[in-house]
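*Asks:* Before I ask anything, here is the structure I am working with.
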Amino acid sequence: MADDESTKQIASLKRLDGSAWSVVVDRHLGEVYGFIFHLVGGDRAIAEELNQETWLEAIDGIGRLDAAQGSFRNWLFGIARRRVALHYRRRASARTSTPGDQIETLAESGSKAVLPEDVLEQMERAAVVRAAILAIPEDRRKTLLWKYVEGLSTEAIAVRMEKSVKAVESLLSRAREQLRDLLRAYMTSCDDERRTTKDSSRA
Amino acid sequence: MRDQPNNNDDWLDRLIREAGDPTVSLDAQYVERLKTAILRRAASVPNSPRKVSLMKRIVRVAVAASIVFAVGAVVAWLTFGGSSANIAFADVAKALDSLRSATFDVVSEVREKKDSQPITAAGKGYFLAPCHQRIETSVNLGREAAVKGAEAAAKRIHKNDGPASANRAAQAAAKSMAKAVGSMPEMIVRQIMIADSQAEKCILLYPNMKTGMLVDSKKMRELRNKPAQPDLFEMVRRLVREGNSGTGEKTVAIGKKEIDGRKAVGFRVCVDLMDMTFWADPKTAYPVRIEVGMGSLGNVRVVMNNFQYNVALDPSLFSLTPPAGYSMQTMDVTAPVEKDLLKTLRIIAEHSKNVFPAKLEMNQEVMKALMVGLEPKMDKATEQKLEAVRKEIEAKYGGREKLRAKYGKNIPPEIMAEVMKATMPIMQEQMKKRMPTMQNEMLKRSRGLLFYQTLKPDNDAHYLGGGVQLDTPDRPIFWYKPTGSQKYHVIYADLSVKEVAPSDLPKMPQPKDGLKSAKTNDKKSP
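Just so you know, the sequences run in chain order S and U.
Residue 161 in this note's numbering sits at position 161 of the first sequence; the count goes up by one each step and never skips.
Residue 1339 in this note's numbering sits at position 339 of the second sequence; the count goes up by one each step and never skips.
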């Protein structure tokens, strides 16, 4: 369920209110771009193109977003995921025929995976993890990075965030849970690959 | 590298550490470009469509005003059939026999929708016995249109927020716009109708445009075989007179009511397209208020009140000679024919996604379809003038792009008002030039409706076109028996006409047959 703030924001976006769009662009442009950038292997030109497509698709399709079904941010990331997946599918289409519909419905399906498995298989782990980290909400992301990249203690993060230690622990727990969900499909695909490799070496 | 440690948490922690900070720096130029593209897309209907939407609003007001004005002309077309009398109503008529003159206020209003704010034409009526009438009305296409435009725009923008919120936004926008456009130039369009019911002549004058129209009421009478262009008071007398002959409509007493601090008795009569209510002073039997509802002409209502009786009036007010300098046209009073109906049906269908209307009457659906394309086409010089004015204002706020980026579609009312103040006079000039043409065109387009409305019960007319697609093969949408003919004319969805014997007429829609979705509009059933 979306909170009142989010409902209001979505209503403004649906009215194509320039200032509301300005706010969400400032807020989410960096993370969406980064998400795409990592998933396309750091190719800036492609990232820029897909990022633009994502935002323009969001504006065109904002009327379909149901505030009761989730936040604008999640919906926007859904579009970005679909754009990246389409990019890979298009690239692969010269070799294989793939059901595009599967991708089209990805954003609306509520799938928690970063990307479909067949697309994930083509990526480096670090890139997928970076993208997944960017896909989780900012406050959760910050706690993760401060904890595991900067190596701060929970207490230090609490001071920095002006929150209680308990609140930070809760944020960390939720962040890890979400990240795990996002990466589950990736790890499954890795497991399958590992199994296949083992089987073929036995044979 | 793609191994998963046994401890899930450790594995996740390691992944995060290995991944590092995922933040990516963005190229400032790219961000600027992208933001502009995003905001431009979000505001992809900003300034020029606002002009169009404002223009459409003004056109709607102007066309609605034409309809309000046309009420006078329609009264001429659709004079009364008669009424049965009752004693009190006969007393009203009798009292009018001794009437020398009268003045009264008249307000005509038309609503686009039943619950929308009316567009009003207000004015004054004059009567001089025995048969002279003058009605002056005016419509304000300036501030009123701006305020209503702002209200409608706010409602449209906020429609997703729910009706209460949309209404609040509309009220706020109207208030703010009314304040902002206080000094905006007005555009009052005036119409004067002068009629002599004995000489059977009528003229319509448009002082703003110095144009006018001559109406040959005699021709109308011959066409309709009914007296044409009566004055209000003659109408009442005729209702009583014809009622006494037993051929007219029923006049119903509707009790007493206090009007303007005076007790009044009411009578109601429905004739042709009009639903009339008379309120009369029980002591003098003079009318104190007359209300005319014309549901089939959109939501048009005319109210006459504040009657003053036996006042001195200058006879020159009722002169039927057009003032010097007026360019006069003659109103087409030829009888509308079947061909007019075909033309009207085509216009309505083509402007309604190729679907015929539910009913053959001037309701909102039909009015909207008939109005399509009436928007004035601006000449290049006017376009350039408008663009220059807009640019000048935009420059004050840092240019168009900056305005779009900052506000998108929601330009603050004070800036909107500034744009309107500067552009309205230019657009009004266009409207002034276009108004008589628009009114003529509207009358032409709606002649088919008049044809249908003037058919009598003997013509046995049936309309079954509601929801039918234009050009559907072999699909009858209308039939009637022309006066004096033994055969019927059937009009099909491709607007072809066939003459058929009564036994070959299409079947009326039954619940189980193929026409079950058709909506009937039967002349026989009221």
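Note that CB positions come from ideal geometry on N, CA and C, so glycine has one too.
#1: Determine, using beta carbons only, whether E1018 (chain U) and A126 (chain S) come nearer to each other than 8 angstroms.
#2: Please confirm if the region 1336 to 1346 of chain U is in contact with the region 1438 to 1454 of chain U, defined as three or more CB-CB distances below 8 angstroms between the two stretches.
#3: Are there 16 or more other CB atoms within 10 angstroms of the CB of D1281 (chain U), so buried, or fewer, so exposed?
#4: For T1103 (chain U), which residues does DSSP report across the bridge?
#5: For Q52 (chain S), go through chain U and note every residue whose CB falls closer than 7 angstroms to its CB, in chain order.
#6: Report, in whole angstroms, the separation of the C-beta atoms of V1189 (chain U) and S1138 (chain U), which I expect to be a contact under 8 angstroms.
#7: Tell me the rounded alpha-carbon separation between L1374 (chain U) and L1505 (chain U).
#8: For K1406 (chain U), which residues in chain S fall below 9 angstroms Cβ to Cβ?
#9: Using the three-state DSSP reduction, which class does G1261 (chain U) fall into: helix, strand or coil?
#10: If we define contact as Cβ-Cβ less than 8 angstroms, is D1582 (chain U) a contact residue for chain S?
#11: For M1276 (chain U), which residues from the same chain have a beta carbon less than 6 angstroms from its beta carbon, with the 5 sequence-adjacent residues on both sides left out?
#12: Looking at the C-beta of V1024 (chain U), does it have a partner C-beta in chain S at a distance below 8 angstroms?
#13: For E1018 (chain U), go through chain S and note every residue whose CB falls closer than 9 angstroms to its CB, in chain order.
#14: In chain S, which residues lie less than 8 angstroms from V1031 (chain U) when you measure between Cβ atoms?
#15: Beta strand (DSSP E) containing Y1488 (chain U): first to last residue?
#16: Pick out whichever of U:I1038, U:A1129, U:T1036 has its Cα sitting closest to the Cα of A1312 (chain U).
#17: Just to confirm before moving on: does the CB-CB distance between D1474 (chain U) and Y1492 (chain U) stay below 8 angstroms?
#18: Nearest to Y1326 (chain U) by alpha carbon, out of U:L1495, U:A1199, U:I1426, U:M1213?
#19: Please classify S1025 (chain U): is it buried, with 16 or more other beta-carbons within 10 angstroms of its beta-carbon, or exposed?
#20: List the residues of chain S whose Cβ lies closer than 7 angstroms to the Cβ of D1021 (chain U), in chain order.
#21: Check K991 (chain U) in the structure and name its three-state DSSP category.
#22: Using the Cβ count rule (16 or more neighbours within 10 Å means buried), how would you classify P1315 (chain U)?
#23: So, helix, strand or coil for T1344 (chain U), using DSSP?
#24: In whole angstroms, give me the CA-to-CA distance for L1464 (chain U) and L1345 (chain U).
#25: Here's a check: name, in chain order, each residue in its chain whose Cβ is nearer than 6 angstroms to the Cβ of Q1308 (chain U), leaving out the five neighbours to either side.
#26: What did DSSP end up calling V1292 (chain U) once you bin it into helix, strand or coil?
#27: Looking at the strands, I want to know which residues DSSP matches up with K1256 (chain U).
#28: Could you please give the first and the last residue of the uninterrupted beta strand (DSSP E) stretch that includes S1327 (chain U)?
#29: On the CB-based measure, 16 or more other CB atoms within 10 Å of its CB, does K147 (chain S) come out buried or exposed?
#30: Using the beta-carbon of each residue, which ones in chain S are nearer than 7 angstroms to R1041 (chain U)?
#31: Name the residue from U:D1097, U:T1483, U:A1253, U:M1442 whose alpha carbon lies nearest to the alpha carbon of A1461 (chain U).
#32: In chain order, what residues of the same chain lie with their CB nearer than 7 angstroms to the CB of K163 (chain S), ignoring the 5 residues before and after it?
#33: Can you name the start and end residues of the beta strand (DSSP E) that Y33 (chain S) belongs to?
#34: For the beta strand (DSSP E) that contains T1530 (chain U), what are its first and last residues?
#35: Would you tell me roughly how many angstroms separate the C-alpha atoms of Q1198 (chain U) and H1132 (chain U), rounded to the nearest one?
#36: Give me the chain U residues within the contact set of Y33 (chain S), using Cβ-Cβ distance strictly less than 8 angstroms, ordered along the chain.
*Replies:* Walking through what the data contain:
#1: In contact: E1018 (chain U) and A126 (chain S) (Cβ atoms closer than 8 angstroms).
#2: These segments touch.
#3: buried
#4: U:Y1126, U:Q1308
#5: In chain order: L1034, A1037.
#6: About 7 angstroms separates the two Cβ atoms, so the contact holds.
#7: Rounded to the nearest angstrom, the two C-alpha atoms are 37 angstroms apart.
#8: G18, S19, S22
#9: coil
#10: Because chain U is modelled from 1001 through 1526, residue 1582 (chain U) falls outside the range shown and cannot be assessed.
#11: V1269, V1292
#12: yes
#13: Listed along the chain, the chain S residues whose CB falls inside 9 angstroms of the CB of E1018 (chain U) are R125, A126, V129.
#14: L29
#15: Y1488 (chain U): member of the beta strand (DSSP E) spanning 1488 to 1492, first to last residue.
#16: U:A1129
#17: yes
#18: U:M1213
#19: exposed
#20: L145, V149
#21: Past the edges of chain U, shown from 1001 to 1526, lies residue 991 (chain U), and the structure says nothing about it.
#22: Residue environment analysis places P1315 (chain U) among the exposed positions, since fewer than 16 neighbouring C-beta atoms fall within 10 angstroms of its C-beta.
#23: helix
#24: Computed Cα separation, rounded: 12 angstroms.
#25: T1103
#26: strand
#27: U:V1265
#28: 1327 to 1330
#29: buried
#30: L56, I59
#31: Closest by alpha carbon: U:T1483.
#32: Taking C-beta separations shorter than 7 angstroms and ignoring five residues to either side along the sequence, K163 (chain S) has no partners in its chain.
#33: Counting along the chain, Y33 (chain S) falls outside any beta strand (DSSP E), though it belongs to the alpha helix (DSSP H) covering 18 to 39.
#34: Since the first residue shown for chain U is 1001 and the last is 1526, residue 1530 (chain U) is missing from the structure and cannot be characterised.
#35: 8 angstroms
#36: V1024, L1026
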